[in-house]
Amino acid sequence: MNQNKVSASESKKPEPLWVSIAAALRERICKGQIEEGRGLSDIGLANEFKVSTAVVRQSMRKLVEEGLLTRTRGIGTFVNRNPLEGSLTLDRLDAWDLQGHVTRIEVVECKFVLANITIAAGLGINLGDTVLYLQRLRLADELPVTVDYRYIPSDLATPLDRSAFEEEAVWRVLQRHKGITPAKSLRAIKASGASTEVANLLGLPVGAPVLENEVQVVDSKSRLVILGTSFYHPDRFIYRDEIDATLGLRKV
């Protein structure tokens, strides 16, 4: 008998405790069983789940990453309030789904255009080269949260059509259909006023304050593959980030 042979039931590793605790807390938060703004105690949860506080903290770190909790040193851990919260990562929709929101992408416009000076410089292509222009509206629980404008080099966008961009992030579409691997995103974040078009799509007055996020995505071959700008509804999204004290406090 081969003693190295292991049955499927034997080879299946048990789920780590912190994963199951994070899942339990996530379910409570999404079902409204833990009200928004409520503080969570490491010790209280450790006693409830009969685990160490280290395991609880690992669970909470996961929920902080998902945007469900806010953890502030010296103050505590709290359930996030209504606005969608998170970092400006490439996986916003995934994070919002994990927060219990029903998300949807509406493609407003999808067409090929000629690159002007700004687009050509932003994508590292020639003036007048053909690019795919995308305008998309992202909604959570049927409320508009962001308007996204994206430009993609034509060789990466062909033969994709409008339907390809209705389900997921643009970089995921390119990864799936063109095999690109995003290596980094370059971002510039600032406050700005909503244009007539952005205001109409987000349901805001013209000139209302919005969060503007300019982005360039670079692939693993150092090629610029996506150029764009996103505008966030001021009452429906909060940008949060965590910076290591040794780096982030130098200018405070």
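Adding 2 to a residue's 1-based position in the sequence shown gives its number in the numbering used here.
Using N, Cα and C, we set each Cβ at its ideal position, and we do this for glycine too.
- Here S43 is exposed, its C-beta having fewer than 16 other C-beta atoms within 10 Å.
- Straight-line measurement puts the Cα of D143 at about 32 Å from the Cα of V133.
- Rounded to whole angstroms, the separation of the alpha carbons of R238 and R59 is 28 Å.
- Fully enclosed alpha helix (DSSP H) runs of no fewer than 4 residues occupy 156 to 159 of the region 125 to 161, in order along the chain.
- When the beta-carbon positions are compared, V175 and A166 come within less than 7 Å of each other.
- Under the three-state reduction of DSSP, N215 is assigned to strand.
- Beta bridge pairing from DSSP links R106 with L141.
- The region 194 to 212 makes no contact with the region 176 to 186; the number of CB pairs closer than 8 Å stays below 3.
- In this structure, T160 sits away from Y234, with a CB-CB distance that is not shorter than 7 Å.
- The Cβ neighbour count for L136, taken over all protein chains shown within 10 Å, is at least 16; the residue is labelled buried.
- V208 sits in coil when the DSSP states are folded into three classes, being neither helix nor strand.
- Contact between the region 110 to 123 and the region 54 to 73 is not established, with fewer than three Cβ pairs separated by less than 8 Å.
- Nearest to P236 by alpha-carbon distance, out of L213, L226, I77, S222, is L213.
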